[in-house]
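Chains as they are written, first to last, in my numbering: chain X, 167 to 365; chain W, 4 to 397.
A virtual CB, placed ideally from N, CA and C, is assigned to each residue, including glycine.
Source: prediction; values computed, not measured.
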Amino acid sequence: MTQQIEIGRLLQAGTTGFVAGCRVNQLDAPMFGALVRAPLSDNYQVYGLIHEIHIDDDGLVRQLVTSNNVSDDVMRDNRENRIVPVEMSVLAVGYEQDGKVHHLLPPRPPLSLDVIYLCDEKDLVRFTSAGRFGYFRHILGAQEIPIGEALAAHLSQAEKAHGKGGGIWKEQAIAELISLLRDDYPTLMSVLGALGEAI
Amino acid sequence: MPIDYQQIFTQIKEIGKGAKERRKKKEEAQAFARELLAVYDSQLDLLRSKVDSAKQADSNIRCALPINENLASSHPIPASVTQATLIAADGSQINPDRHAAIQFCVVNVGAIQMKINSGETPEIFTDTELLYGDDLLPNGFPLSDGLVALKRDLAERTKLEILSKGLKGSVVTFTDGPIELWGAKGEDASSYEAYVQKYLGVLSRLQTNGVITAGYVDKPSADLVVRLLEIASADSEQIKKIREFHPLRSVSDRWLFGGQKNPLLPPGHRSAVFGIQSTSEKKYTGVLSLHFFYLNVGAEGHPWPVRVEIPKWVADDKTKLDLLHGVLVGQCRMMGSKPYPYLLHRAHETAVVKNEEKQQIEQLLAMELRNQDEEMDDMSNKSSAKGLKGRTRR
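Structure follows, in structure tokens:
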């Protein structure tokens, strides 16, 4: 059985996305563009794509940055003791019910404090292979996220997860993106530009 | 309209009119204070005898007492501290509220321990004590706000003692505010006395364990050195009426040691160590007797003098004094443009009890009492009326 990597807990949620929080010392695992899942029951879980990782400041941190004397002890105290969560904004891209992956918005969102896990390569392959890239709709339709950058990060991670078949999968994904964006030239150029950087 | 701004405006204008006169008086007094400081700088024996005379005239006299460093001396920051364990504690409280439905009190102490350059994450500690029923009537008197504050101060210093016990190497402990316990003397004398005796016991154990302890007073308002200069300038007739003799009333110790223009203490420097002449000398005796120095924790062009209270055993030991001096300057510099010891701020963050937490404790207590069929009182009508939503003002 593969080890589940917990990356945080749910702070707030809606149908189209949710925000998870973790402590600064948990920040090794989550990455921009990573696929995450929030299991709500044995046979239902919501999938999402991290599109923003945000660290809020507070009064003390603002004051400390004006100092030239921030010691390692103070850094550790602030990162490990002080309750300033790292917030990850996640775009809902699908769900799984009774073992079947759907690239549709989830029927109900995860609840406060639900644990959010990072999808391992097996999960990533299973989610991205289901259907015909239906979840791209959600990414391309999200106005508030950096679409090109998020797609480039996601495609690069998914290609790696697909192993030998990664190249073919990526080609199909790019073809699908071109098809979906054929009437939106500026977004297409922005997506292809970002993908070009990632290759 | 809760405030009559017309009246306020007129009064503000009156205040403004007197500014020129006040400034002139203040500058004259400041010049006189500087002059006195220069004249009496090294006359420590004379100053001590003058304080003795003043004490004869007014046993409650409160001022600085020179020890062995010249009045205007300034001592640079010692070598930077590379190894020591620092512990800071701070407390907060929920005072009993006779208008509330349930009478209770909470004393919460937060502490943080940091081992400098150890690679270890600082440790945080919290002690919370809930007082209810007979606890709120020590010696039959209702627990006053002053006694709760004493209880909190005792709990802070006790926490420092507990945490420092058994630690190897140099240990520096500090709290916010003076070391001397304040308040409640007139309300419940026997309770006050009991707290003071326990507190002195804690200080003694800290001394036995070789632990450095201090009280950090930010923006101090007690003008102990200025009062000493006033006593120094008084002739024999004026000494007899020393309580009314205040030629330097508009001068402060903060200005004397860290005025914006020409501060006596450069950044990081401490003043001479002084004793505290006050009625508390009868309680804080021997190695526990109270001393202090001023410390400029500010930067070039932005002096910020604070008062640091220490017991005699720290004042007498140059190594301990230097370590404390270095630690406090280092701690303050961590906070950038608003110097204040980092660990004290963190202890405060840990200790502070928010209003929501107060309400939660109240609810939990009410639930338990109801479950046990204990009779519950109501909130006072006054308190209830104050809680009513006001009319929104445009």
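{"Asked": "Are the C-beta of R29(W) and some C-beta of chain X separated by less than 8 Å?", "Found": "In the sequence on display, residue 29(W) carries Lys and not Arg. For K29(W), the answer is no, since every Cβ of chain X falls outside 8 Å of its Cβ."}
{"Asked": "So A158(W) packs on V112(W), CB below 8 Å; how close in whole Å?", "Found": "5 Å"}
{"Asked": "Let's see if you can read the secondary structure: which residues bound the beta strand (DSSP E) around K266(X)?", "Found": "266 to 268"}
{"Asked": "Report all residues from its chain with a CB closer than 7 Å to the CB of W307(W); omit the five preceding and five following residues, and keep chain order.", "Found": "G261, N299, V300, G301, P342"}
{"Asked": "Can you give the Cα-Cα distance for P344(W) and L331(W), rounded to whole angstroms?", "Found": "6 Å"}
{"Asked": "Does the beta carbon of V252(X) come closer than 8 Å to any beta carbon on chain W?", "Found": "no"}
{"Asked": "Using only the alpha-carbon positions, how far apart do E164(W) and K361(W) sit?", "Found": "28 Å"}
{"Asked": "Are the beta-carbon atoms belonging to K315(W) and H294(W) less than 8 Å from one another?", "Found": "yes"}
{"Asked": "Looking at C-alpha atoms only, which residue of I305(X), G260(X), Q229(X), Y283(X) is the closest neighbour of D194(X)?", "Found": "Y283(X)"}
{"Asked": "Using the beta-carbon count (16 or more within 10 Å), is A388(W) buried or exposed?", "Found": "exposed"}
{"Asked": "Please decide whether I80(W) counts as near chain X, where near means a Cβ-Cβ distance under 8 Å.", "Found": "no"}
{"Asked": "With DSSP as the reference, identify every bridge partner of D130(W), one or two as the case may be.", "Found": "V112(W)"}
{"Asked": "Compare the Cα-Cα distances from F35(W) to each of L372(W), P250(W), V355(W), E371(W) and report the closest residue.", "Found": "P250(W)"}
{"Asked": "Can you check which of these residues, N374(W), L139(W), G204(W), is closest to L291(W) by C-alpha distance?", "Found": "G204(W)"}
{"Asked": "Bridge partners of L215(X), per DSSP?", "Found": "L201(X), L257(X)"}
{"Asked": "Any beta carbon from chain W within less than 8 Å of E246(X)'s own beta carbon?", "Found": "yes"}
{"Asked": "Quick check on the burial criterion: 16 or more other C-beta atoms within 10 angstroms. Buried or exposed for F12(W)?", "Found": "exposed"}
{"Asked": "Taking the beta carbon of Q116(W) as the centre, do at least 16 other beta carbons fall within 10 Å, making it buried, or is it exposed?", "Found": "buried"}
{"Asked": "Is it the case that the Cβ atoms of T88(W) and R242(X) are separated by a distance below 8 Å?", "Found": "no"}
{"Asked": "So within the stretch 8 to 58 of chain W, which uninterrupted alpha helix (DSSP H) runs reach at least 4 residues, ignoring any that extend past its ends?", "Found": "8 to 20, 22 to 43"}
{"Asked": "Distance, Cα to Cα, A60(W) vs R228(X)?", "Found": "52 Å"}
{"Asked": "Using the C-alpha atoms, what's the distance from V199(W) back to N142(W)?", "Found": "16 Å"}
{"Asked": "For the alpha helix (DSSP H) holding Q363(W), just list the boundary residues, first then last.", "Found": "358 to 374"}
{"Asked": "Using a Cβ-Cβ distance under 8 Å, would D243(X) count as near chain W?", "Found": "yes"}
{"Asked": "With P196(X) and I173(X) assumed to form a contact (beta carbons below 8 Å), what rounded beta-carbon distance in angstroms separates them?", "Found": "4 Å"}
{"Asked": "Would you list the one or two residues that DSSP bridges to A179(X)?", "Found": "F184(X)"}
{"Asked": "Measuring only the C-alpha atoms, how far is A354(W) from A114(W)?", "Found": "8 Å"}
{"Asked": "Determine, using beta carbons only, whether V309(W) and P223(W) come nearer to each other than 8 Å.", "Found": "yes"}
{"Asked": "Measuring CB to CB, does G260(X) end up less than 8 Å from F293(X)?", "Found": "yes"}
{"Asked": "With a threshold of 8 Å between beta carbons, is S237(X) in contact with chain W?", "Found": "yes"}
{"Asked": "Starting from the C-beta of Q211(X), find all residues in its chain whose C-beta is less than 7 Å away, skip the five residues before and the five after it, and write them out in chain order.", "Found": "R203, A204, P205, Y261, E262"}
{"Asked": "How far does the alpha helix (DSSP H) with I242(W) in it extend, from its first residue to its last?", "Found": "239 to 243"}
{"Asked": "Would a C-beta distance cut-off of 8 Å place L74(W) and Y43(W) closer than the cut-off?", "Found": "yes"}
{"Asked": "So P352(X) is in the beta strand (DSSP E); what residue range does that whole segment cover?", "Found": "That residue, P352(X), is in no beta strand (DSSP E); its alpha helix (DSSP H) goes 351 to 364."}
{"Asked": "Taking all protein chains shown into account, do 16 or more other C-beta atoms lie within 10 angstroms of the C-beta of D137(W), making it buried, or fewer, making it exposed?", "Found": "exposed"}
{"Asked": "Determine, using beta carbons only, whether L270(X) and L317(X) come nearer to each other than 8 Å.", "Found": "no"}
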